[in-house]
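In this text, residue positions in the sequence shown follow the working numbering: the first is 1, and each later residue adds one. Quick notes on the structure that follows.
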Amino acid sequence: SSPVAFDEETLVDATGDAVMMEWERPLMEASADVLCGRFPHEWCPPLDGFSVLNVGHGLGIIDTYLRERQPARHVILEPHPAVLNAMRRDGWAEVATVLPARWQDALDDPRLRPPFDAVFFDTYAETWADMDAFFRALPTLLAKPHGRFSFFNGCCPFNPFFHAVSCQFIKLHLDNLGFDVDFVPLKVDPLPDTTWHGIRRRYWLFDSYHLPIVRWKDPAP
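In structure tokens form, the structure reads like this:
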């Protein structure tokens, strides 16, 4: 793994690109609400005593929100040594099952124990082929019929047209795998230029975020 640098609001890779930043916090909170059933959407009824899998810890923003929602079982997949060191320092192994592995290598780990009521996916430096492979693993990972899935939707973040195209492509792809998908627009407050100080590339340019909500088709009432 390439080196990363931390501060309280930013996780940056060795090239100066941001892996995760504090401005994403409202989006992570909304994603956690989707997963546990607090988000105002008909596909998001409350889940009590739910199990959740998070792929990619980063700054730990969404995992913190998930802990606040008191899952019965919380599993985190995180491969990066520096992030794992920070997780040990912050005591994550005491409140969740932390598997120090890439998700591709963890699918057969007996500690994973799928399926999960909720799954979130937010990795870094992966390709569409990796995301496609994870989507294809969802039928094994996600509990049926009530399970729900979301991911950080940073697809094609530099062009709104191609971002919209990517959302539609993902929707069609997951439809073929047996899932319904909705993208709910959330307002993103203007980010001052100082947000990107020290960051090589500004990776978000839009004033809205399309929050993914994914469920099995035709869930039982």
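All residues carry an ideal CB built from backbone N, CA and C; glycine is no exception.
Asked                                                                                                                                             : Found
Can at least three beta-carbon pairs, one atom from the region 24-39 and one from the region 60-79, be found at a separation below 8 angstroms?   : yes
Checking 8 angstroms against the spacing of the C-beta atoms, do Asp122 and Gly56 come in under that value?                                       : yes
Quick check on the DSSP output: the beta strand (DSSP E) that includes Tyr209 runs from which residue to which?                                   : Ser208 to Trp216
Taking only three categories from DSSP, how would you classify Thr175?                                                                            : Per the sequence shown, the amino acid found at residue 175 is Asp instead of Thr. The answer is helix: DSSP assigns Asp175 an H, G or I state.
Less than 8 angstroms between the beta carbons of Ser166 and Pro185, yes or no?                                                                   : no
Around the Cβ of Gly147, are there at least 16 other Cβ atoms within 10 angstroms (buried) or fewer (exposed)?                                    : buried
Can at least three beta-carbon pairs, one atom from the region 106-119 and one from the region 14-23, be found at a separation below 8 angstroms? : no
Cα-Cα, which of Val52, Asn159, Phe161 and Cys155 is closest to Ile170?                                                                            : Cys155
In whole angstroms, what is the alpha-carbon distance linking Gln70 and Asp132?                                                                   : 30 angstroms
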